[in-house]
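Only one structure is covered here, and it is reproduced in the block below.
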Amino acid sequence: MNEPLRTPGTIQPFGVLIIVDIATFTLRHVSDNADEIFRRSATSILGTPLEDLIGRESTGRLRARARDPLTRGDPVPIMVAAGQVDVILHVDGQLAIIEFEPRLPSPRGAETDDLYSVIQRLQRLVSSDAVRVAVVEEVRRLTGFDRVMIYHFHPDGHGEVVAEDRLPEMDPYLGFHFPASDIPAQARTLYLTKHSRSIATNSYTPVEILSSSEGISDLPLDLSQAELRSISPHHLQFMANIGQASSLSLSLVRDGHLIGMITCAHRTPRLMPSVMRRGLEVLAGQVALQLDSLDQVARMARELDASRIRTSLVDQVELGGGVADALTKRSTTLLDLVPADGALISYGGTITRLGHATPSVDGEALTAWVTENRALLPFATASLAADAPGLARSLPMIAGILIVSLGSGSGFIAWCRLEVSRSISWLGSPAASNRATPVSPRNSFALWQQAVADTSTAWREAEVNGATGLSSDLNGTFMRRLESQLAYFAVHDQLTGLPNRLSLERHLDDALSQSDPEQITALFIDLDRFKAVNDSLGHRAGDALLQEAARRIADTVTPEEFVARLGGDEFIVLCSGERASRSADLADLIVAAFREPIVFQGSTVLVTVSVGLASSTPGGSTAELLSEADLAMYSSKDLGRNRMSRFESLLGEKASSRFHMEQALRVGIGGGELLLEYQTVSRTSDQAAVGVEALVRWHRDGLVHAPPNDFIPLAESTGLIIPLGRWVISEAVTQLGAWRHAGVVGADFTMAINLSPVQLSDSELLRTLDAACDSAEVSKSSVILEITESSLVSEGSPMTDVLNSISGAGYVFSIDDFGTGHSSLSYLRYLPTGQIKIDRSFVSGLLTNPRDAALVAAVIGLAHDFGMICVAEGVETSAQLEALQRLGCDLAQGFLLGAPVSAADVRIT
Numbered sequence: 077m078n079e080p081l082r083t084p085g086t087i088q089p090f091g092v093l094i095i096v097d098i099a100t101f102t103l104r105h106v107s108d109n110a111d112e113i114f115r116r117s118a119t120s121i122l123g124t125p126l127e128d129l130i131g132r133e134s135t136g137r138l139r140a141r142a143r144d145p146l147t148r149g150d151p152v153p154i155m156v157a158a159g160q161v162d163v164i165l166h167v168d169g170q171l172a173i174i175e176f177e178p179r180l181p182s183p184r185g186a187e188t189d190d191l192y193s194v195i196q197r198l199q200r201l202v203s204s205d206a207v208r209v210a211v212v213e214e215v216r217r218l219t220g221f222d223r224v225m226i227y228h229f230h231p232d233g234h235g236e237v238v239a240e241d242r243l244p245e246m247d248p249y250l251g252f253h254f255p256a257s258d259i260p261a262q263a264r265t266l267y268l269t270k271h272s273r274s275i276a277t278n279s280y281t282p283v284e285i286l287s288s289s290e291g292i293s294d295l296p297l298d299l300s301q302a303e304l305r306s307i308s309p310h311h312l313q314f315m316a317n318i319g320q321a322s323s324l325s326l327s328l329v330r331d332g333h334l335i336g337m338i339t340c341a342h343r344t345p346r347l348m349p350s351v352m353r354r355g356l357e358v359l360a361g362q363v364a365l366q367l368d369s370l371d372q373v374a375r376m377a378r379e380l381d382a383s384r385i386r387t388s389l390v391d392q393v394e395l396g397g398g399v400a401d402a403l404t405k406r407s408t409t410l411l412d413l414v415p416a417d418g419a420l421i422s423y424g425g426t427i428t429r430l431g432h433a434t435p436s437v438d439g440e441a442l443t444a445w446v447t448e449n450r451a452l453l454p455f456a457t458a459s460l461a462a463d464a465p466g467l468a469r470s471l472p473m474i475a476g477i478l479i480v481s482l483g484s485g486s487g488f489i490a491w492c493r494l495e496v497s498r499s500i501s502w503l504g505s506p507a508a509s510n511r512a513t514p515v516s517p518r519n520s521f522a523l524w525q526q527a528v529a530d531t532s533t534a535w536r537e538a539e540v541n542g543a544t545g546l547s548s549d550l551n552g553t554f555m556r557r558l559e560s561q562l563a564y565f566a567v568h569d570q571l572t573g574l575p576n577r578l579s580l581e582r583h584l585d586d587a588l589s590q591s592d593p594e595q596i597t598a599l600f601i602d603l604d605r606f607k608a609v610n611d612s613l614g615h616r617a618g619d620a621l622l623q624e625a626a627r628r629i630a631d632t633v634t635p636e637e638f639v640a641r642l643g644g645d646e647f648i649v650l651c652s653g654e655r656a657s658r659s660a661d662l663a664d665l666i667v668a669a670f671r672e673p674i675v676f677q678g679s680t681v682l683v684t685v686s687v688g689l690a691s692s693t694p695g696g697s698t699a700e701l702l703s704e705a706d707l708a709m710y711s712s713k714d715l716g717r718n719r720m721s722r723f724e725s726l727l728g729e730k731a732s733s734r735f736h737m738e739q740a741l742r743v744g745i746g747g748g749e750l751l752l753e754y755q756t757v758s759r760t761s762d763q764a765a766v767g768v769e770a771l772v773r774w775h776r777d778g779l780v781h782a783p784p785n786d787f788i789p790l791a792e793s794t795g796l797i798i799p800l801g802r803w804v805i806s807e808a809v810t811q812l813g814a815w816r817h818a819g820v821v822g823a824d825f826t827m828a829i830n831l832s833p834v835q836l837s838d839s840e841l842l843r844t845l846d847a848a849c850d851s852a853e854v855s856k857s858s859v860i861l862e863i864t865e866s867s868l869v870s871e872g873s874p875m876t877d878v879l880n881s882i883s884g885a886g887y888v889f890s891i892d893d894f895g896t897g898h899s900s901l902s903y904l905r906y907l908p909t910g911q912i913k914i915d916r917s918f919v920s921g922l923l924t925n926p927r928d929a930a931l932v933a934a935v936i937g938l939a940h941d942f943g944m945i946c947v948a949e950g951v952e953t954s955a956q957l958e959a960l961q962r963l964g965c966d967l968a969q970g971f972l973l974g975a976p977v978s979a980a981d982v983r984i985t
């Protein structure tokens, strides 16, 4: 419908309209019934000053109104030739629209003071329904109209009568619905421009507006704010069809949106005085504000109640036990938060059901739909058949569903509601057959019932917010739980439960840093020929052997001793104070504890131990003590194993060896003794190589001179890591460029390079990287810089600035050995990380240790939630690779996929 509702060119005849130029207040347009007010014809007053018609004083009052937006629209009483009138002024650009209405007496009992009393009475009411009921009663008393109703507009635009007061003999409309087309969109925008609309009679003859230049105006004069604006013929016909001769409508506006209307209807012509109409506009504004306030109070009450229930549910989860049981079998359940006929929880691959509506729900079909449509969550519908027909076919008993995510994986919570058969009462059929033409008003307003099927009770906004709030709360709980687990495993060995190397070094550092430290003796314990057992019986047997070894050592020592697993098949026992003086006896007891064979799945294994003993010296360090105990342990092995040896004269030999190794390394860095080997990094999905990791080796005369675990720490402690690291960067990036130019690899093939924390203090690091990439014509994004988690730093440190600067240049950072360092998830929040590498210790236990499996799954989900790539290290078996594929790990490396080899031997498949 494109009727000129704002510019009809005519007015209703219950007053006179003139339009003046604001600058001169000269009449430019006049309605053709001017003689009823001014006793002069419209044509005779066109072009004359308004002052000639109403006098200087009244004109001055109107000029003041034109300058003051706050008082425009308020009636001004003045005298004219026909007597006292009410004058209403509106401004439209450079024009002032002025309306003159005969001054009418207010209905009995409807004085201005009574309006104030009504507003005060309404303000004492504390529910929206009570306010609506009181409003229709008060407005009908004030106006004397036959019927007063409040319409509420639903989100789809259709309306509903939510309050009504009427004469007893009239048919009730309360609860009836009417289609949105009864009040078209362009008409609704008018109700936002002009908050009241008075139609004195639906059988009037429109009065034309004349122009000073041409007689009948052909200008599109905007009469949106005019009280007298002519009415659409369609609306007049609508009134006739419904039995209304006159009406008064008041807008209910909230935040610039038309949320409803107060409508007064009369079966005979009726016109309210302008003062009364203006007062009712104020009343409607107060009612809209009060309804909004009450709705907000009710919403806050619902949110507080939901928050209390959410807190109770989260507390139940944090108390321990299964997540599903905590949400379904404790004092507070999911159905307390969101009323429904049932609920389902999918978590950890298991579905738990609650309520009578869920036993027949196809859990696999629902899981598949959620997995495919996870981006739609939270998902809420009261008509599943209409909004998700495919899912509805799998859930035949369910009409409405509300789904939110649970955890970082594929988990979810779904509330289900059964069908609720109901009937909607329409004020006349909304069907096309009830109209003469598509734009005509409906002919009949007889009661029409619509049966609604395949729908449930609608999900309220507070219910959806409560569900999504619970999802967020639980995900936060899971994140904290994961961080706690990572923090625990950062200082504990997952296989044996003993403190790990990091915990050991912290313990020793604290003890040795005391002002007057007690002597500490370290027992370095290594299982003899463990590798042979591991290789012959498999990793499961090896793990069982390590667990039994940990148990025997722990059973041998007293609570005063500190026991840790250093790594592999190496354990440490620390004795201090008086216990240190008897440490040799304890070492003998530990050796004796392993003389008894170990039985594993029918196999009898005899494993002995070699123990090295070293004592701290004043000013000595943790590294020195452990190194001396290590040397003593190797002495035991050299002497035939299954014994204890004490560190004594080996100290000088160790220092000498270290000095000579440092000198040799200095020569080796500049003498071409360093080589790079490359281990492929492959996709788990198809095992295609997508990159390599560069690994430095030290060779002399064709033989391995020293393992990296020996010379890399030495390089770090002496500063040689800076020139060594620069050589590695240049060599690795150059090799990547050579492969690309030869067409061996594509542009997206990556080169991973390990960085020492010491290198991050190198002011030339970024220039070294840029120079290597520029020389080799390699993109910076293909260079991945790996930093071990234990070397990461707190937010705000200078090293963080270095990392951000290098990342900002385009390089990608990867956290290596994730889960074995400090394990603070805060790193992922502030460090520019693109990859997470799961440590090989977790991968090795993926198939045998449920904790390892859970932690690997959690880290993969965490990486994906942060938009990162997840790489698994140390993949040695097909079963491990298949498990990683199922968990969604992106990339993997390990001996199964390729051992470290020279550049010439790298195979890219």
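For reference, each letter of the sequence shown is one residue, going 77 to 985 in the numbering used here. The beta carbon of each residue, even a glycine, is placed where N, CA and C say it ideally should be. These figures come from a predicted structure and were not determined experimentally.
Inset, instruction - Run the CB neighbour count on Ala625, radius 10 Å, all protein chains shown included, and call it buried at 16 or more, exposed below. - result: Against the sequence shown, residue 625 aligns to sequence position 549. Ala625 is buried by the Cβ-count criterion.
Legend entry - Gly159 - partner residues in DSSP beta bridges: Locating residue 159 in the sequence shown gives position 83, where the first residue counts as 1. DSSP, once it has assigned bridges, lists Val156 as partnering Gly159.
Legend entry - Residue closest to Pro231, alpha-carbon to alpha-carbon, out of Pro255, Phe723 and Gly251: Locating residue 231 in the sequence shown gives position 155, counting from the first residue. Considering only alpha carbons, the answer is Pro255.
Legend entry - Span of the alpha helix (DSSP H), counted from its first residue to its last, around Pro178: The count along the sequence shown starts at 1 and reaches residue 178 at position 102. Premise fails: Pro178 lies in the beta strand (DSSP E), Leu171 to Pro178, not in any alpha helix (DSSP H).
Inset, instruction - Mark Val993 as exposed unless 16 or more other C-beta atoms lie within 10 angstroms of its C-beta, in which case mark it buried. - result: What the structure shows of the chain is the stretch from 77 to 985, and residue 993 is not part of that stretch, so it cannot be assessed.
Legend entry - Euclidean distance between Cα positions of Met155 and Leu126: On the sequence shown, position 79 is the one that residue 155 refers to. On the sequence shown, position 50 is the one that residue 126 refers to. Those two C-alpha atoms are separated by around 13 Å.
Legend entry - Euclidean distance between Cα positions of Arg927 and Gly937: Taking the sequence shown and counting its residues from 1, the one referred to as residue 927 is at position 851. Taking the sequence shown and counting its residues from 1, the one referred to as residue 937 is at position 861. Near 15 Å, if we compare the C-alpha coordinates of Gly937 and Arg927.
Inset, instruction - Could you tell me if Asp331 is buried or exposed, where buried requires 16 or more neighbouring beta carbons within 10 angstroms of its beta carbon? - result: Within the sequence shown, residue 331 is the residue found at index 255, counting from 1. Exposed.
Inset, instruction - Just mark Leu682 as buried or exposed, buried being the case when its beta carbon has 16 or more other beta carbons within 10 Å. - result: Position 606 of the sequence shown holds residue 682. Burial call: exposed.
Inset, instruction - Go through its chain and collect everything with a Cβ distance to Gly872's Cβ below 8 Å, but skip five positions before and after it. - result: Residue numbering aside, residue 872 sits at position 796 when the sequence shown is read from its first letter. The predicted position of Gly872 is uncertain, since its pLDDT is 43 and thus under 50; no value can be drawn from it.
Legend entry - Meets three-Cβ-pair contact criterion under 8 Å: the stretch 266 to 281 and the stretch 351 to 361: A contact between stretches requires three or more CB pairs, one per stretch, nearer than 8 Å, and the stretch 266 to 281 meets this requirement with the stretch 351 to 361.
Inset, instruction - Taking only runs that begin and end inside the stretch 769 to 831, name each unbroken beta strand (DSSP E) of 3 or more residues, in chain order. - result: 779 to 782 and 826 to 830
Legend entry - His271 - DSSP class collapsed to helix/strand/coil: Residue numbering aside, residue 271 sits at position 195 when the sequence shown is read from its first letter. If DSSP states are grouped into helix, strand and coil, His271 belongs with coil.
Legend entry - C-beta atoms of Val399 and Ala543 nearer than 8 Å: Within the sequence shown, residue 399 is the residue found at index 323, counting from 1. Within the sequence shown, residue 543 is the residue found at index 467, counting from 1. It is not a contact, given that the beta carbons lie outside the stated cut-off.
Inset, instruction - Inspect the CB distances between the stretch 442 to 453 and the stretch 533 to 543 and report whether three or more fall short of 8 Å. - result: no
Inset, instruction - Compare the Cα-Cα distances from Ser806 to each of Gly795, Leu146 and Arg843 and report the closest residue. - result: Looking up residue 806 in the sequence shown gives position 730. In terms of CA proximity to Ser806, Arg843 leads the group Gly795, Leu146 and Arg843.
Legend entry - The beta strand (DSSP E) enclosing Tyr710, as first and last residue numbers: Your numbering for residue 710 matches position 634 in the sequence shown. Per DSSP, Tyr710 belongs to no beta strand (DSSP E); it is in the alpha helix (DSSP H), Thr698 to Asp714.
Inset, instruction - Work out the CA separation of Ala979 and Ser851 for me, nearest whole Å. - result: Along the sequence shown, read from residue 1 onward, the residue named residue 851 stands at position 775. Along the sequence shown, read from residue 1 onward, the residue named residue 979 stands at position 903. When the Cα atoms are used, Ser851 and Ala979 turn out to be separated by approximately 19 Å.
Inset, instruction - State buried or exposed for Ile292, treating a residue as buried only when at least 16 other CB atoms are found within 10 Å of its CB. - result: As a first step, residue 292 must be located in the sequence shown, where it is residue number 216. Per-residue confidence for Ile292 stands at a pLDDT of 40, beneath the threshold of 50, marking its modelled position as unreliable; the derived number appears in the next sentence. In the assembly as shown, Ile292 is an exposed residue. Its beta-carbon has fewer than 16 other beta-carbons within 10 Å.
Legend entry - At least three beta-carbon pairs within less than 8 Å, the stretch 854 to 862 to the stretch 804 to 821: Contact between the stretch 854 to 862 and the stretch 804 to 821 is present, because at least three Cβ pairs lie under 8 Å.
Legend entry - For Leu879 and Val869, the rounded distance between their alpha carbons: Translated into the one-based positions of the sequence shown, residue 869 becomes position 793. Translated into the one-based positions of the sequence shown, residue 879 becomes position 803. Note that Val869 scores a pLDDT of 49, beneath 50, so its modelled location is shaky; the value from the coordinates is reported in the next line. About 10 Å.
Inset, instruction - Mind the definition here: the stretch 792 to 799 touches the stretch 712 to 721 only if three or more C-beta pairs lie below 8 Å; say whether that holds. - result: no
Inset, instruction - Let me know the secondary structure DSSP gives Glu624 once reduced to three states. - result: Locating residue 624 in the sequence shown gives position 548, where the first residue counts as 1. Here Glu624 sits in helix by DSSP.
Legend entry - Cβ-based neighbour list, Arg137, same chain, cut-off 7 Å, excluding 5 preceding and 5 following: To locate residue 137, count along the sequence shown from 1; it is residue 61. For Arg137, where only same-chain residues beyond five positions count, the Cβ hits under 7 Å are Val152.
Legend entry - Proximity of Ser288 and Gly169 at Cβ, strictly below 8 Å: Residue 288 sits at position 212 when you count from the first residue of the sequence shown. Residue 169 sits at position 93 when you count from the first residue of the sequence shown. Going by C-beta atoms, Ser288 is not nearer than 8 Å to Gly169.
Inset, instruction - Pick helix, strand or coil for Ser873, following the three-state DSSP scheme. - result: Sequence index remark: in the sequence shown, residue 873 carries index 797 (1-based). Note on Ser873: pLDDT 48, under 50, position unreliable in the model; the coordinate value appears next. Coil at Ser873, not helix or strand.
Inset, instruction - Identify every run of the alpha helix (DSSP H) within the stretch 561 to 612, keeping only runs that are complete inside it and at least 4 residues long; order them along the chain. - result: 577 to 588
Legend entry - Where the alpha helix (DSSP H) containing Asp379 begins and where it ends: Position 303 of the sequence shown, counted from the first residue, corresponds to residue 379. Per the sequence shown, residue 379 should be read as Glu rather than Asp. From DSSP, the alpha helix (DSSP H) with Glu379 extends over Ser350 to Glu394.
Inset, instruction - Ignore the nearest five residues each way along the sequence and tell me which others in His568's own chain have a CB closer than 8 Å to its CB. - result: For the purposes of this step, residue 568 is identified with residue 492 of the sequence shown, where counting begins at 1. These residues qualify, in order along the chain: Leu574, Pro575, Asn576 and Ser579.
Legend entry - Extent of the continuous beta strand (DSSP E) to which Asp892 belongs: In the sequence shown, counting from the first residue as 1, residue 892 sits at position 816. That run of the beta strand (DSSP E) goes Val888 to Phe894.
Legend entry - Boundaries of the alpha helix (DSSP H) in which Arg927 is found, first to last residue: One-based indexing of the sequence shown puts residue 927 at position 851. Here the alpha helix (DSSP H) through Arg927 covers Pro926 to Asp941.
Legend entry - Rounded straight-line distance, which links the Cα of Asp463 to that of Leu546: Here residue 546 refers to the residue found at position 470 when the sequence shown is read from its first residue. Here residue 463 refers to the residue found at position 387 when the sequence shown is read from its first residue. The alpha-carbon atoms of Leu546 and Asp463 are separated by roughly 24 Å.
Legend entry - Continuous alpha helix (DSSP H) stretch holding Met315: start and end: As a first step, residue 315 must be located in the sequence shown, where it is residue number 239. Residues Pro309 to Ile318.
Inset, instruction - Check whether the stretch 579 to 589 touches the stretch 631 to 651, taking contact to mean three or more Cβ pairs, one atom from each stretch, closer than 8 Å. - result: yes
Legend entry - Residues near Ala782 in its chain [Cβ-Cβ closer than 6 Å; skip 5 each side]: For the purposes of this step, residue 782 is taken as residue 706 along the sequence shown, with counting starting at 1. Excluding positions up to five away in sequence, the list reads Trp774.
Legend entry - Bridge partner(s) assigned by DSSP for Phe229: If you number the sequence shown from 1, residue 229 lands on position 153. According to DSSP, Phe229 bridges with Gly235.
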